[in-house]
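Enquirer: So that we are looking at the same thing, I have put the structure below in structure tokens.
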Amino acid sequence: MKNRMNMNLRDVENLLKEYGVQASAQRIAICHHVLTTNTHPTVDDVKAWADDNFPKMSLATVYNTLNLLSDVGLLKTLKFPHSDKAHFDGDSSAHFHFLDEETGTIYDIPSEKMQYQLDLPKGFILSEVDFLVKGKYLG
Ligand SMILES: [Zn+2]
């Protein structure tokens, strides 16, 4: 897959088809927006963006599209302790998150930048590792 940050609308249209999603103009626009940002937006964030760019797009369309894209694996749905809303991540590959506790900004941490050692209870195998690192900016 092409670097998601450099995708154009045509790339996203092809990607949707690859994932078996009917590529309507609204779906392409929403998917493109979330794939080319690293801000981990909520439904409300994407709706606010849509209001500036596609004034006729309803909240239901934004909500349903984000959940559809998450269901097929194009986006990841994330929950964070500082927010009771779902956040959508355009990077569906394995990576971790750093939360700025002051601003609520969520930064990506590439998985190769995290080192950890685990001893699982006997008889278990690892299926997923999910870390949230929190901190404050000291300047
Ligand atoms: Zn992320």
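FYI, in my numbering the residues of the sequence shown are 1346 to 1484.
We treat Cβ as the ideally placed atom computed from N, Cα and C, and that holds for glycine.
Collect the residues with a C-beta less than 6 Å away from any heavy atom of ligand 1 and give them in sequence order along the chain.
Expert: Residues with a Cβ closer than 6 Å to any heavy atom of ligand 1, in chain order: His1385, Asp1434, Asp1436, His1440, His1442, Asp1453.
Enquirer: For chain B, find out if any of its Cβ atoms is closer than 8 Å to the Cβ of Asp1389; answer yes or no.
Expert: Given the protein chain composition of this structure (a single chain), no chain B is represented.
Enquirer: Measure from the alpha carbon of Met1350 to the alpha carbon of each residue in Ala1370, Asn1383, Asp1396, Ala1368, then state which is nearest.
Expert: Looking up residue 1350 in the sequence shown gives position 5. Nearest C-alpha to Met1350: Asn1383.
Enquirer: Output yes or no for whether 8 Å exceeds the beta carbon distance between Leu1420 and Leu1414.
Expert: For the purposes of this step, residue 1420 is identified with residue 75 of the sequence shown, where counting begins at 1. For the purposes of this step, residue 1414 is identified with residue 69 of the sequence shown, where counting begins at 1. Closer than 8 Å, so yes.
Enquirer: Taking the runs of the alpha helix (DSSP H) that are 4 residues or longer, which of them lie wholly in the region 1372-1415?
Expert: You should have 1388-1398.
Enquirer: Provide the residue span of the alpha helix (DSSP H) that contains Asp1356, from first to last.
Expert: Here the question's residue 1356 lines up with position 11 in the sequence shown. Here the alpha helix (DSSP H) through Asp1356 covers 1354-1363.
Enquirer: Check the C-beta distance from His1432 over to His1385 and give it rounded, since I have them as a contact under 8 Å.
Expert: For this step, residue 1432 is matched to residue 87 along the sequence shown. For this step, residue 1385 is matched to residue 40 along the sequence shown. At roughly 4 Å, the Cβ-Cβ gap stays under 8 Å, so His1432 and His1385 are in contact.
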